[in-house]
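First residue of the sequence shown: 143, per our numbering; consecutive thereafter. Here is the structure we will look at, set down as C-alpha coordinates.
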Amino acid sequence: MLPPPRLHQPLRRVVVTGLGCASPLGGTAAESWRRAQRGESAAAQFDIDGASFVAARCGDLALDEKREKARVVALALRAAAEAVRDAGGLEAHAPARRGASIASGVGGLGDIVDAAHRVAEGKKLSPFFVPRALCNTAAGAVSLEHACAGPVQTSAAACAAGAQSVGDAFRLVQRGDCDVALCGGAEACVDEVALRGFARMGALSRDGAARPFDAARSGFVLGEGAAVLVLEDAASAARRGARAYAELRGYGLGGDAVHMSAPPPDGAGVLRAARAALGDAGLDPALVDHVNAHAAGTPAGDAAELAALEALLEGRRGDALVASTKGATGHLLGAAGALEACFAVLALRDCLAPATAHLAAPLPTSDRVTLVAEATRRDLRVALSTSSGFGGTNAALVFARAGDCGVEARVSVL
(Lines of atoms letter the chains of each structure in order from A and count residues from 1; the text may use other names and numbers.)
(Lines give C-alpha, C1' and ligand atoms only; values in the text may rest on other atoms or scores of the structure.)
Protein backbone atom coordinates (compact mmCIF):
# COMPACT_ATOMS: atom_id res chain seq x y z
CA MET A 1 0.00 0.00 0.00
CA LEU A 2 1.38 3.39 -1.01
CA PRO A 3 1.90 6.06 1.67
CA PRO A 4 -0.49 9.01 1.55
CA PRO A 5 0.71 12.03 -0.47
CA ARG A 6 2.57 14.73 1.45
CA LEU A 7 0.28 17.68 0.80
CA HIS A 8 1.56 21.21 1.45
CA GLN A 9 4.67 19.97 3.23
CA PRO A 10 7.05 22.88 3.81
CA LEU A 11 10.30 22.73 1.87
CA ARG A 12 13.28 21.62 3.91
CA ARG A 13 16.70 23.28 4.08
CA VAL A 14 19.49 21.31 2.46
CA VAL A 15 23.16 21.29 3.45
CA VAL A 16 26.31 19.79 1.97
CA THR A 17 27.86 17.42 4.50
CA GLY A 18 30.34 15.50 2.35
CA LEU A 19 32.54 15.95 -0.72
CA GLY A 20 34.50 13.51 -2.84
CA CYS A 21 36.52 13.94 -6.03
CA ALA A 22 38.54 11.85 -8.45
CA SER A 23 39.78 14.49 -10.86
CA PRO A 24 42.73 15.17 -13.16
CA LEU A 25 44.10 17.33 -10.33
CA GLY A 26 44.06 14.54 -7.72
CA GLY A 27 42.36 11.55 -6.21
CA THR A 28 40.66 13.45 -3.36
CA ALA A 29 38.66 16.62 -2.89
CA ALA A 30 41.45 18.14 -0.80
CA GLU A 31 44.16 17.54 -3.40
CA SER A 32 41.93 18.65 -6.28
CA TRP A 33 41.03 21.87 -4.45
CA ARG A 34 44.63 22.67 -3.48
CA ARG A 35 45.77 22.48 -7.08
CA ALA A 36 42.70 24.27 -8.42
CA GLN A 37 43.31 27.17 -6.05
CA ARG A 38 46.74 27.69 -7.62
CA GLY A 39 45.50 27.23 -11.17
CA GLU A 40 47.73 24.23 -11.86
CA SER A 41 46.89 22.71 -15.21
CA ALA A 42 46.40 18.95 -15.52
CA ALA A 43 46.56 19.00 -19.32
CA ALA A 44 49.23 16.77 -20.83
CA GLN A 45 50.15 15.40 -24.23
CA PHE A 46 49.85 11.69 -24.98
CA ASP A 47 49.72 9.39 -28.02
CA ILE A 48 47.03 7.02 -29.28
CA ASP A 49 48.08 4.76 -32.17
CA GLY A 50 50.74 7.24 -33.26
CA ALA A 51 48.44 10.28 -33.10
CA SER A 52 49.19 12.98 -30.52
CA PHE A 53 46.48 14.50 -28.32
CA VAL A 54 46.23 16.80 -25.29
CA ALA A 55 43.79 15.97 -22.50
CA ALA A 56 43.41 16.10 -18.72
CA ARG A 57 43.37 12.52 -17.47
CA CYS A 58 43.10 11.17 -13.95
CA GLY A 59 46.37 9.25 -14.19
CA ASP A 60 47.17 6.46 -11.77
CA LEU A 61 44.43 6.56 -9.14
CA ALA A 62 44.51 2.79 -8.53
CA LEU A 63 40.92 2.51 -9.74
CA ASP A 64 39.00 -0.68 -9.10
CA GLU A 65 38.32 -1.60 -12.73
CA LYS A 66 36.99 -5.09 -13.46
CA ARG A 67 35.18 -6.81 -16.31
CA GLU A 68 31.83 -5.71 -15.04
CA LYS A 69 32.94 -2.25 -13.94
CA ALA A 70 33.54 0.47 -16.53
CA ARG A 71 36.09 3.22 -15.88
CA VAL A 72 33.32 5.78 -15.46
CA VAL A 73 31.84 3.61 -12.70
CA ALA A 74 35.19 3.15 -10.97
CA LEU A 75 35.66 6.93 -10.89
CA ALA A 76 32.15 7.49 -9.53
CA LEU A 77 32.58 4.87 -6.81
CA ARG A 78 35.88 6.36 -5.69
CA ALA A 79 34.40 9.87 -5.41
CA ALA A 80 31.26 8.58 -3.69
CA ALA A 81 33.25 6.57 -1.13
CA GLU A 82 35.23 9.67 -0.15
CA ALA A 83 32.07 11.80 0.08
CA VAL A 84 30.35 9.25 2.33
CA ARG A 85 33.39 9.01 4.63
CA ASP A 86 33.61 12.79 4.73
CA ALA A 87 29.96 13.04 5.75
CA GLY A 88 30.47 10.59 8.60
CA GLY A 89 28.62 7.73 6.91
CA LEU A 90 24.99 7.19 5.97
CA GLU A 91 24.02 4.88 8.82
CA ALA A 92 21.78 7.50 10.45
CA HIS A 93 19.43 7.19 7.46
CA ALA A 94 17.49 4.06 6.52
CA PRO A 95 18.25 2.77 3.00
CA ALA A 96 14.78 3.80 1.79
CA ARG A 97 15.58 7.39 2.85
CA ARG A 98 18.84 7.51 0.84
CA GLY A 99 18.89 8.74 -2.76
CA ALA A 100 21.44 8.76 -5.57
CA SER A 101 21.62 11.17 -8.50
CA ILE A 102 24.78 10.65 -10.58
CA ALA A 103 25.13 12.17 -14.05
CA SER A 104 27.09 11.18 -17.12
CA GLY A 105 26.89 13.02 -20.39
CA VAL A 106 28.38 10.22 -22.47
CA GLY A 107 28.50 7.07 -20.33
CA GLY A 108 30.66 4.16 -21.39
CA LEU A 109 31.80 5.52 -24.76
CA GLY A 110 35.00 3.47 -24.70
CA ASP A 111 32.98 0.29 -24.23
CA ILE A 112 30.76 1.19 -27.16
CA VAL A 113 33.78 1.79 -29.39
CA ASP A 114 35.41 -1.47 -28.30
CA ALA A 115 32.16 -3.36 -28.89
CA ALA A 116 31.87 -1.93 -32.39
CA HIS A 117 35.39 -3.17 -33.18
CA ARG A 118 34.57 -6.64 -31.83
CA VAL A 119 31.42 -6.86 -33.93
CA ALA A 120 33.33 -5.76 -37.03
CA GLU A 121 35.94 -8.45 -36.32
CA GLY A 122 33.31 -11.14 -35.80
CA LYS A 123 34.09 -11.54 -32.09
CA LYS A 124 31.66 -12.13 -29.23
CA LEU A 125 30.55 -9.24 -27.05
CA SER A 126 31.01 -9.29 -23.30
CA PRO A 127 27.80 -10.05 -21.37
CA PHE A 128 28.65 -6.92 -19.38
CA PHE A 129 28.66 -4.67 -22.47
CA VAL A 130 25.17 -3.19 -22.06
CA PRO A 131 25.37 -2.30 -18.35
CA ARG A 132 28.89 -0.91 -18.85
CA ALA A 133 27.74 1.33 -21.71
CA LEU A 134 24.58 2.82 -20.20
CA CYS A 135 24.58 6.44 -19.01
CA ASN A 136 22.98 5.46 -15.69
CA THR A 137 25.46 2.72 -14.85
CA ALA A 138 27.39 4.99 -12.46
CA ALA A 139 24.21 5.98 -10.60
CA GLY A 140 23.21 2.36 -10.30
CA ALA A 141 26.62 1.30 -9.02
CA VAL A 142 26.71 4.08 -6.42
CA SER A 143 23.21 3.19 -5.22
CA LEU A 144 24.20 -0.47 -4.87
CA GLU A 145 27.45 0.29 -3.06
CA HIS A 146 25.79 2.60 -0.51
CA ALA A 147 22.36 0.93 -0.18
CA CYS A 148 20.46 3.88 -1.63
CA ALA A 149 16.98 2.36 -1.91
CA GLY A 150 15.22 5.70 -2.28
CA PRO A 151 15.11 7.69 -5.55
CA VAL A 152 17.90 6.80 -8.01
CA GLN A 153 18.27 8.87 -11.15
CA THR A 154 20.63 10.13 -13.86
CA SER A 155 20.91 13.34 -15.84
CA ALA A 156 22.46 13.02 -19.30
CA ALA A 157 22.15 16.71 -20.22
CA ALA A 158 25.58 16.93 -21.84
CA CYS A 159 27.91 19.37 -20.07
CA ALA A 160 25.13 20.62 -17.77
CA ALA A 161 24.43 17.10 -16.48
CA GLY A 162 26.57 17.28 -13.34
CA ALA A 163 24.89 20.47 -12.16
CA GLN A 164 21.45 19.10 -13.01
CA SER A 165 22.22 15.97 -11.01
CA VAL A 166 23.02 18.07 -7.94
CA GLY A 167 19.96 20.24 -8.49
CA ASP A 168 17.68 17.23 -8.92
CA ALA A 169 19.00 15.72 -5.67
CA PHE A 170 18.42 19.07 -3.98
CA ARG A 171 14.76 18.88 -4.98
CA LEU A 172 14.46 15.31 -3.67
CA VAL A 173 15.82 16.21 -0.24
CA GLN A 174 14.04 19.57 -0.13
CA ARG A 175 10.65 17.94 -0.86
CA GLY A 176 11.19 15.09 1.60
CA ASP A 177 11.48 12.30 -0.98
CA CYS A 178 14.66 11.28 0.82
CA ASP A 179 16.72 12.59 3.74
CA VAL A 180 20.17 12.27 2.21
CA ALA A 181 21.36 12.00 -1.39
CA LEU A 182 24.65 11.21 -3.09
CA CYS A 183 24.81 13.42 -6.15
CA GLY A 184 27.29 14.49 -8.78
CA GLY A 185 28.69 13.25 -12.05
CA ALA A 186 31.24 10.95 -13.65
CA GLU A 187 32.80 10.89 -17.11
CA ALA A 188 35.53 8.79 -18.72
CA CYS A 189 35.70 9.33 -22.47
CA VAL A 190 39.24 10.55 -23.07
CA ASP A 191 39.69 8.32 -26.10
CA GLU A 192 40.39 8.76 -29.79
CA VAL A 193 36.76 8.83 -30.91
CA ALA A 194 35.77 11.60 -28.48
CA LEU A 195 38.93 13.61 -29.12
CA ARG A 196 38.58 13.39 -32.89
CA GLY A 197 34.86 14.18 -32.66
CA PHE A 198 35.35 17.35 -30.63
CA ALA A 199 38.32 18.33 -32.80
CA ARG A 200 36.18 17.96 -35.93
CA MET A 201 33.70 20.41 -34.39
CA GLY A 202 36.50 22.88 -33.75
CA ALA A 203 35.78 22.73 -30.01
CA LEU A 204 39.24 21.71 -28.76
CA SER A 205 42.02 24.15 -27.92
CA ARG A 206 44.42 24.72 -30.80
CA ASP A 207 47.43 25.26 -28.54
CA GLY A 208 46.78 22.52 -25.96
CA ALA A 209 45.68 24.87 -23.17
CA ALA A 210 42.21 25.89 -22.05
CA ARG A 211 42.17 29.67 -21.52
CA PRO A 212 38.81 30.62 -19.98
CA PHE A 213 37.86 34.29 -20.43
CA ASP A 214 41.20 35.02 -22.13
CA ALA A 215 41.48 36.96 -25.39
CA ALA A 216 43.61 34.12 -26.84
CA ARG A 217 41.18 31.30 -25.98
CA SER A 218 40.62 28.79 -28.77
CA GLY A 219 38.71 25.87 -27.25
CA PHE A 220 38.60 23.44 -24.35
CA VAL A 221 40.79 20.57 -23.17
CA LEU A 222 38.91 17.30 -22.71
CA GLY A 223 39.05 15.87 -19.18
CA GLU A 224 37.74 12.94 -17.17
CA GLY A 225 36.84 12.30 -13.55
CA ALA A 226 34.06 12.28 -11.00
CA ALA A 227 32.76 14.42 -8.14
CA VAL A 228 30.10 13.57 -5.56
CA LEU A 229 28.40 15.70 -2.92
CA VAL A 230 26.36 14.47 0.03
CA LEU A 231 23.21 16.57 0.37
CA GLU A 232 21.28 16.21 3.60
CA ASP A 233 18.22 17.59 5.28
CA ALA A 234 19.61 20.29 7.58
CA ALA A 235 17.48 19.24 10.54
CA SER A 236 18.56 15.59 10.39
CA ALA A 237 22.18 16.65 9.87
CA ALA A 238 21.98 18.75 13.02
CA ARG A 239 20.42 15.90 15.00
CA ARG A 240 23.29 13.58 14.15
CA GLY A 241 25.89 16.25 14.88
CA ALA A 242 27.06 16.59 11.29
CA ARG A 243 29.10 19.53 10.07
CA ALA A 244 28.13 21.41 6.93
CA TYR A 245 30.32 22.88 4.23
CA ALA A 246 27.52 25.10 2.92
CA GLU A 247 23.80 25.31 2.34
CA LEU A 248 22.43 24.66 -1.14
CA ARG A 249 19.85 27.41 -1.50
CA GLY A 250 18.69 27.42 -5.12
CA TYR A 251 18.59 25.60 -8.45
CA GLY A 252 17.55 26.92 -11.83
CA LEU A 253 17.37 25.88 -15.48
CA GLY A 254 17.22 27.83 -18.74
CA GLY A 255 17.25 26.87 -22.40
CA ASP A 256 18.92 28.68 -25.30
CA ALA A 257 16.56 27.36 -28.01
CA VAL A 258 18.75 28.84 -30.75
CA HIS A 259 21.34 26.23 -31.80
CA MET A 260 22.50 22.73 -30.89
CA SER A 261 26.03 23.77 -29.92
CA ALA A 262 26.37 27.58 -30.12
CA PRO A 263 24.92 29.88 -27.43
CA PRO A 264 23.21 33.20 -28.16
CA PRO A 265 25.72 36.07 -27.91
CA ASP A 266 23.93 37.57 -24.90
CA GLY A 267 24.00 34.28 -22.95
CA ALA A 268 20.23 34.48 -22.43
CA GLY A 269 19.89 30.81 -21.41
CA VAL A 270 22.61 31.06 -18.76
CA LEU A 271 21.05 34.28 -17.50
CA ARG A 272 17.62 32.65 -17.20
CA ALA A 273 19.10 29.70 -15.30
CA ALA A 274 21.02 31.96 -12.90
CA ARG A 275 18.05 34.21 -12.24
CA ALA A 276 15.85 31.17 -11.67
CA ALA A 277 18.34 29.71 -9.17
CA LEU A 278 18.62 32.97 -7.25
CA GLY A 279 14.84 33.38 -7.28
CA ASP A 280 14.52 29.85 -5.94
CA ALA A 281 17.00 30.79 -3.20
CA GLY A 282 15.14 34.02 -2.40
CA LEU A 283 18.34 35.99 -2.94
CA ASP A 284 18.98 39.19 -4.85
CA PRO A 285 21.61 38.75 -7.61
CA ALA A 286 23.49 41.66 -6.06
CA LEU A 287 24.37 39.35 -3.14
CA VAL A 288 26.47 36.99 -5.31
CA ASP A 289 30.09 37.25 -4.19
CA HIS A 290 31.66 34.51 -6.31
CA VAL A 291 30.87 32.67 -9.53
CA ASN A 292 32.48 29.41 -10.60
CA ALA A 293 31.64 29.86 -14.26
CA HIS A 294 31.12 27.17 -16.87
CA ALA A 295 33.62 28.96 -19.16
CA ALA A 296 35.53 26.20 -20.94
CA GLY A 297 37.75 28.42 -23.07
CA THR A 298 35.64 28.51 -26.24
CA PRO A 299 35.42 31.84 -28.10
CA ALA A 300 31.63 32.05 -28.32
CA GLY A 301 30.75 30.32 -25.05
CA ASP A 302 32.94 32.40 -22.75
CA ALA A 303 31.84 35.70 -24.31
CA ALA A 304 28.17 34.76 -24.03
CA GLU A 305 28.50 33.68 -20.41
CA LEU A 306 30.35 36.85 -19.47
CA ALA A 307 27.56 38.91 -21.06
CA ALA A 308 25.03 36.96 -19.00
CA LEU A 309 26.95 37.53 -15.76
CA GLU A 310 27.29 41.24 -16.47
CA ALA A 311 23.51 41.46 -16.90
CA LEU A 312 22.86 39.31 -13.82
CA LEU A 313 25.07 41.45 -11.56
CA GLU A 314 23.87 44.79 -12.90
CA GLY A 315 22.62 45.99 -9.51
CA ARG A 316 25.70 44.93 -7.54
CA ARG A 317 27.83 47.47 -5.71
CA GLY A 318 31.42 46.33 -5.91
CA ASP A 319 32.72 43.40 -7.88
CA ALA A 320 31.92 39.70 -7.83
CA LEU A 321 34.89 37.35 -8.22
CA VAL A 322 34.39 35.22 -11.33
CA ALA A 323 36.64 32.24 -12.01
CA SER A 324 36.67 29.15 -14.19
CA THR A 325 38.52 26.07 -12.93
CA LYS A 326 38.34 24.36 -16.34
CA GLY A 327 41.68 25.92 -17.23
CA ALA A 328 43.13 23.63 -14.56
CA THR A 329 40.92 20.53 -14.70
CA GLY A 330 40.01 20.43 -18.36
CA HIS A 331 36.36 19.97 -19.33
CA LEU A 332 34.85 16.93 -17.59
CA LEU A 333 31.67 17.10 -19.68
CA GLY A 334 28.89 15.43 -17.64
CA ALA A 335 30.97 15.60 -14.46
CA ALA A 336 32.07 19.22 -14.88
CA GLY A 337 29.15 20.85 -13.07
CA ALA A 338 29.52 18.51 -10.10
CA LEU A 339 33.24 19.16 -9.71
CA GLU A 340 32.70 22.90 -10.01
CA ALA A 341 29.89 22.74 -7.44
CA CYS A 342 32.43 21.17 -5.06
CA PHE A 343 34.87 23.98 -5.78
CA ALA A 344 32.18 26.64 -5.24
CA VAL A 345 31.39 25.11 -1.84
CA LEU A 346 35.06 25.01 -0.88
CA ALA A 347 35.52 28.61 -2.02
CA LEU A 348 32.82 29.64 0.46
CA ARG A 349 34.37 27.57 3.22
CA ASP A 350 37.84 29.02 2.72
CA CYS A 351 36.72 32.52 1.61
CA LEU A 352 38.94 32.09 -1.42
CA ALA A 353 38.14 32.36 -5.13
CA PRO A 354 40.42 29.98 -7.06
CA ALA A 355 42.70 31.02 -9.90
CA THR A 356 41.66 30.82 -13.55
CA ALA A 357 44.55 29.01 -15.21
CA HIS A 358 46.11 30.57 -18.33
CA LEU A 359 44.24 33.87 -17.86
CA ALA A 360 46.80 36.37 -19.17
CA ALA A 361 44.68 38.80 -21.22
CA PRO A 362 41.23 38.92 -19.59
CA LEU A 363 38.20 39.96 -21.62
CA PRO A 364 37.01 43.48 -20.77
CA THR A 365 34.51 43.70 -17.93
CA SER A 366 32.60 46.30 -15.97
CA ASP A 367 33.36 47.18 -12.36
CA ARG A 368 30.73 44.58 -11.35
CA VAL A 369 32.89 41.65 -12.44
CA THR A 370 36.50 40.74 -11.69
CA LEU A 371 37.92 37.81 -13.64
CA VAL A 372 40.20 36.06 -11.15
CA ALA A 373 43.62 35.23 -12.58
CA GLU A 374 45.20 34.44 -9.19
CA ALA A 375 43.60 32.96 -6.07
CA THR A 376 41.93 35.80 -4.17
CA ARG A 377 40.81 35.89 -0.53
CA ARG A 378 37.63 37.72 0.37
CA ASP A 379 34.61 37.39 2.66
CA LEU A 380 32.52 35.15 0.39
CA ARG A 381 28.97 34.42 1.51
CA VAL A 382 27.06 33.47 -1.64
CA ALA A 383 28.45 31.49 -4.58
CA LEU A 384 26.89 30.73 -7.95
CA SER A 385 27.96 27.80 -10.12
CA THR A 386 26.86 27.80 -13.77
CA SER A 387 26.89 25.00 -16.35
CA SER A 388 25.99 24.84 -20.04
CA GLY A 389 25.70 21.96 -22.49
CA PHE A 390 25.10 21.12 -26.13
CA GLY A 391 21.45 21.25 -26.98
CA GLY A 392 21.19 24.66 -25.35
CA THR A 393 20.72 23.40 -21.80
CA ASN A 394 21.88 25.56 -18.88
CA ALA A 395 21.82 25.00 -15.13
CA ALA A 396 22.76 27.06 -12.09
CA LEU A 397 23.27 26.29 -8.41
CA VAL A 398 23.36 28.80 -5.53
CA PHE A 399 25.26 28.00 -2.34
CA ALA A 400 25.40 30.02 0.89
CA ARG A 401 28.19 29.81 3.43
CA ALA A 402 27.50 27.54 6.38
CA GLY A 403 26.93 29.01 9.81
CA ASP A 404 23.22 29.73 9.89
CA CYS A 405 22.15 26.28 8.72
CA GLY A 406 21.52 24.91 12.20
CA VAL A 407 24.67 22.79 12.01
CA GLU A 408 28.30 23.45 12.79
CA ALA A 409 30.28 25.01 9.93
CA ARG A 410 33.57 23.63 8.68
CA VAL A 411 36.23 26.31 9.01
CA SER A 412 39.57 24.55 8.48
CA VAL A 413 41.66 25.40 5.41
CA LEU A 414 42.97 22.55 3.26
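Glycine is no exception: its CB is placed at the ideal position from the N, C-alpha and C atoms.
- If you look at residue 194, you'll find it in the beta strand (DSSP E) that goes 193-197.
- In this structure, the straight-line span from the alpha carbon of residue 316 to that of residue 356 is close to 38 angstroms.
- Contact annotation: the stretch 469-479 touches the stretch 351-369, with at least three C-beta pairs closer than 8 angstroms.
- Residue burial is scored here from C-beta neighbours: residue 401 has fewer than 16 other C-beta atoms within 10 angstroms and is therefore classed as exposed.
- Residue 229 counts as buried, since no fewer than 16 other beta carbons sit within 10 angstroms of its beta carbon.
- Put simply, of 481, 474, 531 the residue whose alpha carbon is nearest the alpha carbon of residue 185 is 474.
- For residue 279, the uninterrupted alpha helix (DSSP H) run begins and ends at 279-287, by DSSP.
- When secondary structure is reduced to three states using DSSP, residue 370 falls in the strand class.
- In the DSSP secondary-structure assignment, residue 265 is not bridged to any residue.
- Between the C-alpha atoms of residue 422 and residue 524 there is a straight-line separation of about 14 angstroms.
- Burial is judged here by how many other beta carbons sit within 10 angstroms of a residue's own beta carbon; residue 258 has fewer than 16 and is exposed.
- For residue 307, there is no enclosing beta strand (DSSP E); the residue is part of the alpha helix (DSSP H) that begins and ends at 303-317.
- Taking all protein chains in view, the Cβ of residue 240 is crowded by 16 or more other Cβ atoms within 10 Å, so the residue is classified as buried.
- Counting only residues of its own chain and dropping the five nearest sequence neighbours on each side, residue 512 has a CB closer than 6 angstroms to the CB of 461, 463.
- Here the alpha carbons of residue 231 and residue 284 stand approximately 14 angstroms from one another.
- Beta-bridge analysis with DSSP links residue 244 to 326.
- The beta carbon of residue 278 sits closer than 6 angstroms to the beta carbons of 296 from its chain, once the five residues preceding and following it are set aside; these are given in chain order.
- Considering only 263, 312, 249, the residue with the shortest C-alpha distance to residue 272 is 249.
- Shown here for residue 360: same chain residues with a beta carbon closer than 6 angstroms to its own, the five before and five after excluded, namely 347, 348 in chain order.
- By the Cβ-count criterion, residue 212 is buried, with 16 or more other Cβ atoms from all chains shown falling within 10 Å of its own Cβ.
- Taking each of 367, 302, 310 in turn and checking the Cα distance to residue 403, the smallest one comes out for 302.
- Membership of residue 479 in the alpha helix (DSSP H) is indicated by the continuous run 478-492.
- Residues of the same chain with a CB within less than 7 angstroms of the CB of residue 521, apart from the 5 flanking positions on each side, are 493 in chain order.
- In the DSSP assignment, no residue is bridged to residue 452.
- Just so you know, the alpha carbons of residue 195 and residue 251 end up roughly 18 angstroms apart.
- Per the DSSP secondary-structure output, residue 165 pairs in a beta bridge with 168.
- Between residue 177 and residue 168 the beta-carbon gap is near 6 angstroms, inside 8 angstroms, which marks them as a contact.
- Put simply, of 162, 246, 201 the residue whose alpha carbon is nearest the alpha carbon of residue 223 is 162.
- Residue 246 is classed as buried because its beta carbon has at least 16 other beta carbons within 10 Å across all chains shown.
- In the structure shown, the three-state DSSP call for residue 498 is coil.
- When the five nearest sequence neighbours on each side are left out, the beta carbons in the same chain lying within less than 8 angstroms of the beta carbon of residue 274 are those of 210, 211, 212, 215, 250, 253, 268, in order along the chain.
- Annotated as proximal: residue 225 and residue 324, with beta-carbon spacing under 8 angstroms.
- Closest in C-alpha terms to residue 287, from the list 312, 306, 237, comes 237.
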